[in-house]
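S.K.: 53 is the number of the first residue of the sequence shown in our numbering; add one for each residue after it.
Quick reminder that beta carbons are idealized off the backbone N, C-alpha and C, glycines included.
Given the structure is predicted, the values throughout are model-derived calculations rather than measurements.
Can you read through this structure? Questions will come right after.
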Amino acid sequence: MIFRTLALDFDGTLSSDGKVEKRVLKELKELKRRAKLILVTGRCAQHVSRFLGLFDAVVAENGCVVLHGSKKLDLSPTFWKAERSALLSLIGVNGCEEVVISIPTSDLQKANRVLGERASVILNKDRAMIVPKGFTKATGLLYAMKIIRAKRPLACIGDGENDEPMLKLADIAVCVENAVQPLKPLCHVLVKEDGKGVLEFLRCVGINR
53 MIFRTLALDF DGTLSSDGKV EKRVLKELKE LKRRAKLILV TGRCAQHVSR FLGLFDAVVA
113 ENGCVVLHGS KKLDLSPTFW KAERSALLSL IGVNGCEEVV ISIPTSDLQK ANRVLGERAS
173 VILNKDRAMI VPKGFTKATG LLYAMKIIRA KRPLACIGDG ENDEPMLKLA DIAVCVENAV
233 QPLKPLCHVL VKEDGKGVLE FLRCVGINR
């Protein structure tokens, strides 16, 4: 299996409890010399900004924000800021997110009562993210690939429901063992959980040189 670009989810894929093993970081640093690396996460930009130097681009907030060098790009449509403010006041939540609204899945029924046609819900294990309709990790990834001139084949590694669009986009779709069950039929490769699986994948594949 040969790839030119690698897209990685963060929680439960690259990291365990928000921490990334040093040996995984070392392997990715070496890989960056030969391939494009993109971090794709549902997290806020501020939570993953410390990894900016390791990746060619970071896709945050489930495809709505892209970090590239010193730039932070909000990809959401012009109507979304007002729509989001209205939803926040109705749902009554706060968080670090600048574009999406992240809520516990236990609050999803309440949120569904007030969602309009221009918003959609994307599940991520015990969280639900309210995003502008049509925005996914795949849309953010495609945008990031364009601005950094990333090439295919594309390998993607994920573990949650929100990784499904990204894995469908991949030439090589990889799941970690702790991935949600519905994701696994999409995967060409199944590896160990968390960062150990990233290491396992990198050590058994080839990279175009």
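#1: Can you tell me whether E229 is buried or exposed, with buried defined as 16 or more other CB within 10 angstroms of its CB?
#2: To the nearest angstrom, how far is it from the Cα of V111 to the Cα of K88?
#3: Determine, using beta carbons only, whether G192 and C256 come nearer to each other than 8 angstroms.
#4: Measure the CB-CB distance between L60 and V250 and report whether it falls below 8 angstroms.
#5: With a threshold of 16 other CB atoms inside 10 Å of the CB of V166, please say whether the residue is buried or exposed.
#6: Here's the rule I'm using: 16 or more other beta-carbon atoms within 10 Å means buried, otherwise exposed. How should K81 be labelled?
#7: Could you give the first and the last residue of the continuous alpha helix (DSSP H) run that contains H120?
#8: Opposite M181 in the DSSP bridges: which residues?
#9: So what does V243 bridge to, in DSSP terms?
#10: Taking the straight line between their C-alpha atoms, what separation do you get for I54 and D178?
#11: When you compare only the Cα positions, how much space is there between I174 and V72?
#12: Measure the beta-carbon distance from E135 to R86 and round it to whole angstroms, keeping in mind my assumption that it falls under 8 angstroms.
#13: For the beta strand (DSSP E) that V92 lies in, which residues bound it at each end?
#14: Let's test the definition: count the other Cβ atoms within 10 Å of the Cβ of D215 and tell me whether it reaches 16, buried, or not, exposed.
#15: Would a C-beta distance cut-off of 8 angstroms place A190 and L221 closer than the cut-off?
#16: Report yes or no: do three or more beta-carbon pairs, one from the segment 126-133 and one from the segment 98-107, lie closer than 8 angstroms?
M.R.: Reading from the atomic positions:
#1: exposed
#2: Between V111 and K88, the C-alpha separation is close to 13 angstroms.
#3: At the C-beta level, G192 and C256 stay beyond 8 angstroms of one another.
#4: A contact, by the Cβ cut-off of 8 angstroms.
#5: exposed
#6: Residue environment: K81 is assigned as exposed (fewer than 16 neighbouring CB atoms within 10 Å of its CB, all protein chains considered).
#7: Where H120 is concerned, there is no enclosing alpha helix (DSSP H), although the beta strand (DSSP E) it sits in stretches over 117-120.
#8: S154, I174
#9: V228
#10: Looking at the two C-alpha atoms, the distance is approximately 34 angstroms.
#11: 25 angstroms
#12: So it is not a contact: roughly 42 angstroms between Cβ atoms.
#13: It spans 88-92 - the beta strand (DSSP E) in which V92 sits, taken as one unbroken run.
#14: buried
#15: yes
#16: As far as the Cβ criterion goes, the segment 126-133 does not touch the segment 98-107, which means the pair count is below three.
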